[in-house]
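Asks: Mind looking over this structure? Questions follow.
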Amino acid sequence: MRIKLLAMDVDGVLTDGMIGFDSEGREIKFFHVRDGMGICALMEKGVKVAFISGRFSEVTAHRARDLGVNLVFQGVRDKLGRLVELALELGVTSEEVAYIGDDVNDIPCIEWAGFGVAVADAPAEVRNAASYVTLTRGGHGAVREVCDLILKSMG
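Using this note's numbering, the letters of the sequence shown map in sequence onto residues 34 to 188.
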């Protein structure tokens, strides 16, 4: 496995899928610190990391900035189209792409990527589409698990 791009959904992958609001109506999400460490370790090895989300969230944008992830695409309706376009822009093949998803709208990306991953708590049809299912739930270290697998494959 030679991964050059790790792309992922956000809600349900980097988070547990729950969205809260404070008394002012501001969105609240929780991100696992170990996922961030894994992402940073991959980027240090030259792997590009991208967030592709169907929703727009300033909280997601803030987390991306915090991690130094600059490939952030929000409000995306056609995730596969965006992923294929990004791969072309970066000069990577589908075999060099890993994608992590958690729901049915991620299945096309999971099937297209050379290393398609579903988080442990994804619906059965999503898990069945994946070449790997994490042992860990979304928002609880699933991304770190995938990052560690990619790092290990790099030697």
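We put the beta carbon where it would ideally sit given N, CA and C, even for glycine.
Computed from a prediction, not measured in an experiment: that's the story for all the values here.
(1) DSSP has lysine 81 in a bridge; who is on the other side?
(2) Within 8 Å, do at least three Cβ pairs link the region 111-118 to the region 85-101?
(3) Apart from the five residues on each side of it in sequence, which residues of its chain come closer than 6 Å, Cβ to Cβ, to isoleucine 143?
(4) Would DSSP call glycine 149 helix, strand or coil?
(5) Are the CB atoms of valine 66 and isoleucine 183 nearer to each other than 8 Å?
(6) Quick one: residues in its chain with C-beta nearer than 7 Å to the C-beta of glutamate 122, no 5 flanking neighbours on either side, listed in chain order?
(7) What would DSSP say about valine 92, mapped onto helix, strand or coil?
(8) Beta-carbon within less than 6 Å of alanine 175's beta-carbon, same chain only, minus the 5 sequence neighbours each way: which residues are those?
Replies: Short version:
(1) Leu38
(2) yes
(3) Tyr132, Gly134, Gly149, Ala162 and Ala163
(4) strand
(5) no
(6) none
(7) helix
(8) Val152, Thr167 and Thr169
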